[in-house]
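Anchor point for the sequence shown: position 23 equals 23 in the working numbering, and the numbering is continuous, going up by one each time.
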Amino acid sequence: MRHVTRPDGMPPVNGYSHVVAAAGTLVAVSGQVPMDADGQVVGEDDAAAQVRQVFVNLRTALDAAGASLADVIKLTVFLTDLADLPAFRAARDEFLDPERLPACSLVRVAGLVHPAFRVEIDALAVTS
Numbered sequence: 001m002r003h004v005t006r007p008d009g010m011p012p013v014n015g016y017s018h019v020v021a022a023a024g025t026l027v028a029v030s031g032q033v034p035m036d037a038d039g040q041v042v043g044e045d046d047a048a049a050q051v052r053q054v055f056v057n058l059r060t061a062l063d064a065a066g067a068s069l070a071d072v073i074k075l076t077v078f079l080t081d082l083a084d085l086p087a088f089r090a091a092r093d094e095f096l097d098p099e100r101l102p103a104c105s106l107v108r109v110a111g112l113v114h115p116a117f118r119v120e121i122d123a124l125a126v127t128s
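(1) Taking A110 as the reference, give the member of S128, F78, A64, L101 with the closest Cα.
(2) Does DSSP classify I44 as helix, strand or coil?
(3) At what residues does the beta strand (DSSP E) containing F78 begin and finish?
(4) Using the DSSP secondary-structure output, state which residues sit across from L124 in a beta bridge.
(5) Below 6 Å CB to CB, which residues in the same chain sit around A67 once its five sequence neighbours on both sides are set aside?
Right under this line is the structure:
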């Protein structure tokens, strides 16, 4: 896997790589939401708790496919409130290696499938 944080001629980045190249088996993880294994919403009014739960769910899903968070090449992040961006960044830095960050897209959305959800994240990973 090769991370190119900022190729010549590209704008500065803040917590992602512009390009990640990898070869191997592609693992696609559907959008994960802040629900625990019992189907309960985690941190209804707590963005940090919600984002941490989403990363726990991503890790669990990747593990089931024989992958890990270190194998993630792309995240797509959906936030209902951009004020939650610092909570996302803190959790991202807790779960991912800040020296090998994946490519990332961030989308502000009007709402998610459950009104209490503040965040949803899907992932692409590559294993060898």
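All C-beta atoms, glycine included, are put in the ideal place defined by N, C-alpha and C.
Note that this is a predicted model, so its numbers are computed, not measured.
For this structure:
(1) F78
(2) Going by the sequence as given, residue 44 is Glu instead of Ile. In this structure, E44 counts as coil in the three-state DSSP scheme.
(3) 72-79
(4) A28, K74
(5) V27, A125, T127
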